[in-house]
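To start, the structure under review is shown below, and the notes come after it.
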């Protein structure tokens with residue numbers, strides 16, 4: 010493996026999370042879409058922040074969380090995403106680099122602030138996300154470093170990238186470069202409403218551009234417009250080389266190479282905050298895959314990584330995941 | 010109690026904390042003064058941040074933590090401190106206001122950034138703090154709102170305020186206004202090295218300006234230049250109307266009105282991060298005092314508040330302290 014060779018490069022919306030505890034009343038009073046991600050504009054972001062309780066700021070972004078997880082597992086990882094040259098952007102850049110990730114995308118200098126996601130965690134550990142995309146709206150094809158993508162075993166894309174209008178061009182450019190270099194392309198469907206917003210395009214992507222698909226039960230049912238998980242699973246199998254479908258506490262199903270593995274969720278003493286569960290599942294899975302493990306083992310590492318991140322506040326691992334995997338799988 | 014009447018106004022360095030886990034090796038390799046607070050300049054802050062692992066940003070500042078604690082206990086509280094008009098300053102202002110605290114000090118517009126404290130939490134839950142004071146250096150007498158101070162039962166000052174040169178004038182102005190209005194003045198000695206830096210002035214303060222003193226064992230021994238706690242306790246009793254001296258897991262001693270109470274520390278299932286222990290002890294004590302409780306009960310509320318904050322990462326309460334006190338003391 011040459012110096013430039015890496016395991017996974019992630020492309021996503023570079024976001025700093027602002028986490029706060031909130032009660033059910035707050036969610037109702039402010040008309041929040043419980044358990045999902047809603048895009049908000051600057052005035053709404055300001056109004057919601059004014060109403061929000063004291064917060065904790067921590068780097069987030071779906072694909073960025075995944076990439077930080079891969080680094081925590083010992084994988085070599087890179088990231089492409091757009092922050093602004095402001096203090097929040099500096100925090101994002103520091104955190105992902107200090108997690109051991111290559112991140113060299115130029116910052117926006119247009120004055121648009123770095124993206125923030127206000128996350129309200131309710132007493133049932135569920136999170137409700139409200140994202141102001143800010144500088145993420147400026148991510149475009151020029152931000153894709155062809156060398157980085159060509160040298161990554163897997164290029165991982167978050168479905169949320171379909172929201173900012175320029176980013177889908179970046180997305181398609183990266184997929185093309187990856188495939189030309191004989192690499193794999195992975196996609197996470199991100200959120201059921203995100204699937205609703207871009208269904209036709211997502212179906213085309215999954216059928217024609219994506220080798221490895223990540224989705225939860227709600228997202229994959231929305232994609233194929235079917236009412237139950239088994240129908241969604243069958244539809245997926247026909248189109249993706251590998252798919253990992255997650256079902257919260259019901260575990261996950263992994264398909265590929267003609268195999269279907271049904272996995273239990275890893276045990277968690279107390280679920281504190283489900284933010285990042287899907288992101289870290291993808292991290293564990295892709296780390297397993299790029300380090301040459303079989304699909305069942307990939308699913309187990311994925312479940313362990315997801316279990317770690319829901320056991321505390323915030324969407325990036327607090328425990329070095331290498332140690333966790335070593336303790337459980339040897 | 011009129012609308013303008015409040016329980017406690019705190020004056021301190023308005024700081025946003027950047028918390029990170031670090032091992033002992035890191036502390037040694039970077040020459041950090043373990044368990045204490047060190048002042049650092051901008052280049053050192055930059056170098057240390059570059060070396061630091063991924064962080065969590067959360068509003069801090071010693072007196073600000075205390076004031077947020079008082080609000081969490083149900084007290085009416087105000088705060089005076091200097092942030093910049095940058096994103097970090099916006100976070101500080103949002104968090105303290107959303108905790109229910111009055112905070113109207115004008116932001117600095119000089120371009121100097123809001124203060125940050127890098128806190129390294131080692132596996133033994135001890136914290137090592139490195140503070141870049143930034144905009145705090147601009148807090149001066151003009152920032153003291155005489156009306157706010159005159160309407161507060163207690164004006165609470167952190168010893169750290171003696172570090173920025175202009176702030177001590179603000180400090181003395183506030184003490185004068187408080188006493189002229191027949192109110193009490195409280196001081197926390199903050200840190201043993203802070204006491205070393207300003208010992209002569211702190212002795213004068215304690216003897217002539219302060220009614221209620223907070224200090225831990227190391228700080229109060231440094232103040233009176235004595236080697237053991239009992240000697241420090243006796244020296245303190247001669248000069249302060251009320252004193253609360255903390256001794257970590259050994260509990261605390263409260264003196265005043267001719268009484269001496271020895272209190273056990275409140276139980277904690279697992280100490281995660283000692284950041285804010287002293288700040289929240291002061292919060293509990295001052296809340297008790299301003300709500301008319303006896304000294305022993307003040308010490309118990311103080312111990313409960315301190316126990317809550319060391320049971321998680323970060324220096325402000327995660328659980329509403331009103332509920333905690335209600336559950337324990339009724």
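Chains as they are written, first to last, in the working numbering: chain A, 10 to 339; chain B, 10 to 339. Even for Gly, the Cβ is constructed at its ideal location relative to N, Cα and C.
Buried versus exposed, by CB contacts within 10 Å (16 or more), residue 305/B: Your numbering for residue 305/B matches position 296 in the second chain. If you draw a 10 Å sphere on the C-beta of residue 305/B, you find fewer than 16 other C-beta atoms in it, and that means exposed.
Exposure of residue 91/B, with buried meaning 16 or more beta-carbon neighbours within 10 Å: Position 82 of the second chain, counted from the start, is the residue given in the question as residue 91/B. Around the beta-carbon of residue 91/B, 16 or more other beta-carbon atoms lie within 10 Å, marking it buried.
Meets three-Cβ-pair contact criterion under 8 Å: the stretch 88 to 105 of chain A and the stretch 117 to 127 of chain A: Look at the beta carbons and you see the stretch 88 to 105 of chain A touching the stretch 117 to 127 of chain A: at least three pairs across the two are nearer than 8 Å.
Where residue 245/A sits in the DSSP three-state scheme: Working through the first chain from its first residue, we reach residue 245/A at position 236. Three-state DSSP puts residue 245/A in a helix.
Where residue 247/A falls, given that 16 or more other Cβ within 10 Å makes a residue buried: Along the first chain, read from residue 1 onward, the residue named residue 247/A stands at position 238. With fewer than 16 Cβ atoms within 10 Å of its Cβ, residue 247/A is classed as exposed.
Cut-off 6 Å between Cβ atoms - residues of its own chain near residue 207/A, not counting five sequence neighbours on either side: Start at 1 with the first residue of the first chain, and residue 207/A comes out as number 198. For residue 207/A, where only same-chain residues beyond five positions count, the Cβ hits under 6 Å are 171.
Under 9 Å between C-beta atoms of residue 53/B and residue 129/B: Mapped onto the second chain, residue 53/B falls at position 44. Mapped onto the second chain, residue 129/B falls at position 120. For residue 53/B and residue 129/B, no; Cβs fall outside 9 Å.
Span separating the alpha-carbon of residue 258/B from that of residue 279/B: What you label residue 258/B is simply residue 249 of the second chain in a count that begins at 1. What you label residue 279/B is simply residue 270 of the second chain in a count that begins at 1. So the alpha carbons of these two residues sit roughly 12 Å apart.
Cβ separation of residue 196/B and residue 222/B, assumed to be a contact under 8 Å, to the nearest whole Å: Taking the second chain and counting its residues from 1, one reaches residue 196/B at position 187. Taking the second chain and counting its residues from 1, one reaches residue 222/B at position 213. Cβ-Cβ separation between residue 196/B and residue 222/B: approximately 6 Å, consistent with a contact (criterion under 8 Å).
CA-to-CA distance, residue 56/A to residue 182/A, given in whole angstroms: Translated into the one-based positions of the first chain, residue 182/A becomes position 173. Translated into the one-based positions of the first chain, residue 56/A becomes position 47. Straight-line Cα distance between these residues: approximately 37 Å.
Beta-carbon proximity check, residue 220/A vs residue 250/A, cutoff 9 Å: Mapped onto the first chain, residue 220/A falls at position 211. Mapped onto the first chain, residue 250/A falls at position 241. Yes, they are a contact pair.
Contact with chain B by residue 84/A, beta-carbon distance below 9 Å: Start at 1 with the first residue of the first chain, and residue 84/A comes out as number 75. Under the Cβ distance rule, residue 84/A does not count among the residues neighbouring chain B, no pair being separated by less than 9 Å.
Three-state class that DSSP yields for residue 71/A in the structure shown: For the purposes of this step, residue 71/A is taken as the residue at position 62 of the first chain. For residue 71/A, the three-state secondary structure derived from DSSP is helix.
C-beta neighbour in chain B for residue 62/A, strict 9 Å: Within the first chain, numbered from 1, the residue matching residue 62/A stands at position 53. For residue 62/A, the answer is yes, since a Cβ of chain B falls inside 9 Å of its Cβ.
Exposure label - residue 341/A; buried when at least 16 CB within 10 Å: This structure cannot settle anything about residue 341/A, because the visible part of chain A is limited to 10 through 339.
Local conformation of residue 139/B per DSSP, three classes: For the purposes of this step, residue 139/B is identified with residue 130 of the second chain, where counting begins at 1. Note: residue 139/B maps to strand in three-state DSSP.
CB contact check: residue 79/A to chain B, cutoff 9 Å: Within the first chain, residue 79/A is the residue found at index 70, counting from 1. The Cβ of residue 79/A sits no closer than 9 Å to any Cβ of chain B.
Given 8 Å, three or more beta-carbon pairs between the stretch 42 to 52 of chain B and the stretch 104 to 114 of chain B: Touching, no, given that fewer than three Cβ pairs across the two stretches are closer than 8 Å.
Backbone CA spacing between residue 318/A and residue 115/B [nearest angstrom]: Here residue 318/A corresponds to residue number 309 of the first chain, with the count starting at 1. Here residue 115/B corresponds to residue number 106 of the second chain, with the count starting at 1. Cα to Cα, the separation comes out at about 39 Å.
Residue 137/B versus residue 235/A: straight-line alpha-carbon distance, rounded: The sequence position of residue 137/B within the second chain is 128, counting from 1. The sequence position of residue 235/A within the first chain is 226, counting from 1. A straight line joining the alpha-carbon of residue 137/B with that of residue 235/A spans about 54 Å.
Cβ separation of residue 131/B and residue 36/B, assumed to be a contact under 8 Å, to the nearest whole Å: Counting from 1 along the second chain, the entry for residue 131/B is found at position 122. Counting from 1 along the second chain, the entry for residue 36/B is found at position 27. The C-beta distance from residue 131/B to residue 36/B rounds to 6 Å, short enough to meet the 8 Å contact threshold.
3 or more residues per run - each beta strand (DSSP E) lying fully within the stretch 73 to 153 of chain A: Correct list: 86 to 89, 124 to 130, 136 to 141.
Chain A contact for residue 52/B (CB, 9 Å cutoff): Counting from one through the second chain, the residue named residue 52/B turns up at place 43. Judged by the 9 Å Cβ criterion, residue 52/B is not in contact with chain A.
Contact list for the stretch 310 to 329 of chain B against chain A, Cβ threshold 9 Å: With the criterion set as a beta carbon lying under 9 Å from some beta carbon of chain A, the members of the stretch 310 to 329 of chain B are 321, 322, 323, 325, 327, in sequence order.
Segments of 3+ residues assigned as beta strand (DSSP E) that fall wholly inside the stretch 185 to 260 of chain A: If we require 3 residues or more, the beta strand (DSSP E) runs fully inside the stretch 185 to 260 of chain A come out as 193 to 197, 221 to 225, 251 to 255.
Listed by chain order, chain A residues near residue 144/B by CB distance under 9 Å: Along the second chain, one-based indexing puts residue 144/B at 135. Correct list: empty, because the minimum Cβ distance to chain A is about 13 Å.
Burial state of residue 191/B (16 or more Cβ within 10 Å): On the second chain, residue 191/B is found 182 positions in, with the first residue counted as 1. Counting the other CB atoms within 10 Å of its CB gives residue 191/B a total below 16, which places it among the exposed residues.
Residues from the stretch 95 to 129 of chain A in contact with chain B, defined by Cβ distance under 7 Å: The stretch 95 to 129 of chain A vs chain B, Cβ under 7 Å: 95, 96, 97, 100, 103, 104, 107, 108.
Between the CA atoms of residue 14/A and residue 151/A - distance to the nearest angstrom: By one-based count along the first chain, residue 151/A stands at place 142. By one-based count along the first chain, residue 14/A stands at place 5. Taking C-alpha positions only, residue 151/A is separated from residue 14/A by approximately 21 Å.
Below-9 Å beta-carbon distance, residue 278/B vs any chain A residue: Along the second chain, one-based indexing puts residue 278/B at 269. Residue contact check for residue 278/B against chain A: no CB pair falls below 9 Å.
9 Å Cβ cutoff met for residue 176/B and residue 93/B: Within the second chain, the letter at position 167 stands for residue 176/B. Within the second chain, the letter at position 84 stands for residue 93/B. Residue 93/B is positioned such that its CB atom lies no closer than 9 Å to that of residue 176/B.
Rounded distance between the beta-carbons of residue 316/A and residue 253/A, thought under 8 Å: Start at 1 with the first residue of the first chain, and residue 253/A comes out as number 244. Start at 1 with the first residue of the first chain, and residue 316/A comes out as number 307. Contact between residue 253/A and residue 316/A fails: their C-beta atoms lie close to 15 Å from each other, not under 8 Å.
Residue closest to residue 167/A, alpha-carbon to alpha-carbon, out of 161/A, 21/A, 292/A, 210/A: Position 158 of the first chain, counted from the start, is the residue given in the question as residue 167/A. Residue 21/A is the option with its Cα nearest to residue 167/A.
Residue from 165/B, 34/B, 50/B with nearest C-alpha to residue 86/B: Taking the first residue of the second chain as 1, we reach residue 86/B at position 77. Per the C-alpha coordinates, the member of 165/B, 34/B, 50/B positioned closest to residue 86/B is 165/B.
Cβ-Cβ separation, residue 73/A to residue 105/A (assumed contact under 8 Å), whole Å: Here residue 105/A refers to the residue found at position 96 when the first chain is read from its first residue. Here residue 73/A refers to the residue found at position 64 when the first chain is read from its first residue. Right, their Cβ atoms sit about 6 Å apart.
Bounding residues of the beta strand (DSSP E) (the contiguous stretch that carries residue 345/A): Lying outside 10 to 339, the shown extent of chain A, residue 345/A is not represented and no answer is given.
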